[in-house]
Amino acid sequence: MEIVAVPAFADNYLWLIHDEASGETAVVDPGDAAPVLTEAQKRGWTITQVWNTHWHPDHTGGNLAIREAAGAKVSGPATETIPGRDVDLREGDEVRLGNHVGRVIEVPGHTLGHIALIFDEDRVAFVGDTLFAMGCGRLFEGTPEQMYRSLQRLTALAPETRLYCAHEYTLSNARFAAHAAPHDAPIAARLAEVEQQRAKGERTVPTSVAQELATNPFVRAPDAAEFARLRRDKDSFRS
Ligand SMILES: [Zn+2]
Numbered sequence: 010m011e012i013v014a015v016p017a018f019a020d021n022y023l024w025l026i027h028d029e030a031s032g033e034t035a036v037v038d039p040g041d042a043a044p045v046l047t048e049a050q051k052r053g054w055t056i057t058q059v060w061n062t063h064w065h066p067d068h069t070g071g072n073l074a075i076r077e078a079a080g081a082k083v084s085g086p087a088t089e090t091i092p093g094r095d096v097d098l099r100e101g102d103e104v105r106l107g108n109h110v111g112r113v114i115e116v117p118g119h120t121l122g123h124i125a126l127i128f129d130e131d132r133v134a135f136v137g138d139t140l141f142a143m144g145c146g147r148l149f150e151g152t153p154e155q156m157y158r159s160l161q162r163l164t165a166l167a168p169e170t171r172l173y174c175a176h177e178y179t180l181s182n183a184r185f186a187a188h189a190a191p192h193d194a195p196i197a198a199r200l201a202e203v204e205q206q207r208a209k210g211e212r213t214v215p216t217s218v219a220q221e222l223a224t225n226p227f228v229r230a231p232d233a234a235e236f237a238r239l240r241r242d243k244d245s246f247r248s
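For any residue, its number in the working numbering is found by taking its place in the sequence shown, counting from 1, and adding 9.
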């Protein structure tokens, strides 16, 4: 499957996924319809499915317009309010794009009903606002224990799995990581790399499970209590 980043708002990535064999196209978390429809049209793709990871408007704001314009079917977490939802997704359910199968796991923390879509064979996961490169989502609805467990589930995937998160937050996350672990060589090296990438306007996501296990302080936290301390520090950190 081919995966294309469609930038939107200040720092969102809306992920467009195309399966050549079936001609199907899905979009993950379309906060805005226009850039997604434009990109799909440019490529000659018709969006057949919308997959939402959670209810926040910057992830679902384009649902209805895409559903109307393209006839796309909307799938999203069963326990959240999702505009235009046709299919309820719960732990253990599947989404399909042609022959590509994604399984649904529930990863509460950022919101209570947040889900991630795991394509094991493709070594691809769409993680929404749960895990970011070198960081994680804010705890708007869930507890530190829930979020810590959610991150552990995502980083238990195969190390080469590419993690498609929904925001370009890596530079700010890397600065916090270097502040939280000042003598850590892998974090310092990644911070330097991310600074160069961002100076050139390059994207720093997707990331990978292996990279996050090595350089994400929230993933590396030994327990939920340490995770909670880091998350509180990050909430007040100004880079
Ligand atoms: Zn969110």
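Virtual Cβ for every residue (Gly too), placed ideally from N, Cα, C.
Over the uninterrupted beta strand (DSSP E) stretch that includes residue i, give me the two end residues.
i, result
"D28", "21-28"
"I196", "Segment 194-208 is the alpha helix (DSSP H) holding I196; no beta strand (DSSP E) there."
"L172", "171-174"
"E33", "33-37"
"D97", "96-98"
"P16", "11-17"
First and last residue of the alpha helix (DSSP H) that includes residue i?
i, result
"D67", "66-69"
"A87", "Counting along the chain, A87 falls outside any alpha helix (DSSP H), and DSSP gives it neither H nor E."
"P226", "226-229"
"F185", "179-189"
"R52", "42-52"
"E154", "153-163"
"E77", "72-79"
Can you tell me which of the three DSSP states residue i falls into?
i, result
"E235", "helix"
"T213", "coil"
"L106", "strand"
"D129", "coil"
"D244", "helix"
"E221", "helix"
"E115", "strand"
"T277", "Missing from the structure shown is residue 277; the chain here goes from 10 to 248 and no further."
"G101", "coil"
"L121", "coil"
"G137", "strand"
"G146", "coil"
For residue i, collect the residues of the same chain with a Cβ closer than 7 angstroms to its Cβ; drop the 5 residues on either side in sequence, then sort them by chain order.
i, result
"A125", "T62, I114, V116, A134, F135, V136, G137, T139, L163"
"V228", "L160, T164, E221, L222"
"G146", "G118, H119, D138, T139"
"L166", "I127, A134, V218"
"E100", "V113, I114, E115"
Can you say whether residue i is buried or exposed, counting buried as having 16 or more other CB atoms within 10 angstroms of its CB?
i, result
"P86", "buried"
"P215", "buried"
"H192", "exposed"
"P195", "exposed"
"N108", "exposed"
"G80", "exposed"
Only counting the same chain, and skipping five residues up and downstream in sequence, which positions put a Cβ closer than 8 angstroms to that of residue i?
i, result
"T213", "A142, E177, T179, L180, V203, Q206, R207"
In chain order, what residues of the same chain lie with their CB nearer than 6 angstroms to the CB of residue i, ignoring the 5 residues before and after it?
i, result
"T88", "G122"
"K243", "F185"
"A42", "G71, A74, I75"
"A233", "P153, E154, Y157"
Would a check of beta-carbon distances place residue i closer than 8 angstroms to chain B?
i, result
"L222", "The displayed structure is made up of one protein chain only, and chain B is not part of it."
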